[in-house]
Amino acid sequence: PAYGVVTVAASAERLDLTINHVAYPFEHWHYDVFSGQEAGSEALAKGMKAQFLMNVRGEIDRVELPLEPAVKPAVFTRRADSKLNDPAFLAKLAGEYQLAGQALRVSADAGGLRLFVPGQPEYELVPMRDNTFKIKILDGYLIRFVMNDDGTVKEMQADQPNGLFIAKPATRH
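All residue numbers for the sequence shown refer to the numbering used here, where the first residue is 7 and numbers rise by one.
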């Protein structure tokens, strides 16, 4: 938290990492490691290595930067897409879904999204990206909402260790 937010932007030939409102160019060095380049009079990042790390699903979810020589590199965790915290967007995801004859319910409130599965505890859905949420207390379980062109939900996908299960929105009258 002491270092703030690092923003990563890609261009055709490099990445720009913005640290404390100053953008530094980084060029590919090796695998998921990028090397800082001098940016005009800003030499802070020159030679610094930014290592992008992935989770067990193979998705880049954090970057490690050695910002101070005497301490371990700082780890910056990828933030969720901002729309996944927007109450208006979350309201579009709320509703009843049918999965193999079972009614699942998604509710939206000020705290975010919750999933109700009959006979199971209430699950808090934690925003990630690309309309995907992880189930807070279940490692390896994701809920993904696939949208129609008109902004309505086409289907809800439950991505679990034992398979991908598709739930369709219940017919609304």
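Think of the CB as a built atom: it goes at the ideal place given N, C-alpha and C, for glycine as much as any other residue.
Query                                                                                                                   : Result
Beta-carbon proximity list for Ala15, same chain, < 6 Å, skipping 5 on both sides                                       : Asp22
Runs of alpha helix (DSSP H) lying entirely within the segment 92-177, each at least 4 residues, in chain order         : 93-99
Rounded separation between Ala176 and Thr13 - CA only                                                                   : 39 Å
Proximity to Lys55 [Cα-Cα], best of Asn61, Ala94 and Tyr37                                                              : Tyr37
From Asn168, Leu131 and Ser41, residue whose alpha carbon lies closest to that of Arg150                                : Leu131
Distance between Gln57 and Tyr103 (C-alpha atoms, nearest Å)                                                            : 40 Å
Leu90 in three-state terms, based on DSSP                                                                               : helix
Own chain, CB closer than 6 Å to Gly64, minus 5 neighbours either side, in chain order                                  : none
Assigned secondary structure, Arg68 (DSSP; H/G/I helix, E/B strand, else coil)                                          : strand
Residues of its chain near Ile141, where Cβ-Cβ distance is below 6 Å and the 5 sequence neighbours each way are ignored : Tyr129 and Tyr147
Best match in Val39, Gln43 and Ile143 for proximity to Arg68 [C-alpha to C-alpha]                                       : Val39
Asn91 to Ala114 span [Cα, whole Å]                                                                                      : 10 Å
Start-to-end residues for the beta strand (DSSP E) that takes in Gly42                                                  : Val39 to Gly42
Short Cβ contact (8 Å threshold) for Glu44 with Leu59                                                                   : no
CB contact flag (Pro133, Asp165, <8 Å)                                                                                  : no
Whole-angstrom C-beta distance between Val112 and Leu121, which should lie under 8 Å                                    : 6 Å
Residue range of the beta strand (DSSP E) that includes Ala76                                                           : Where Ala76 is concerned, there is no enclosing beta strand (DSSP E), given that its DSSP letter is neither H nor E.
For Val123 and Leu110, believed in contact at Cβ under 8 Å, the rounded distance                                        : 6 Å
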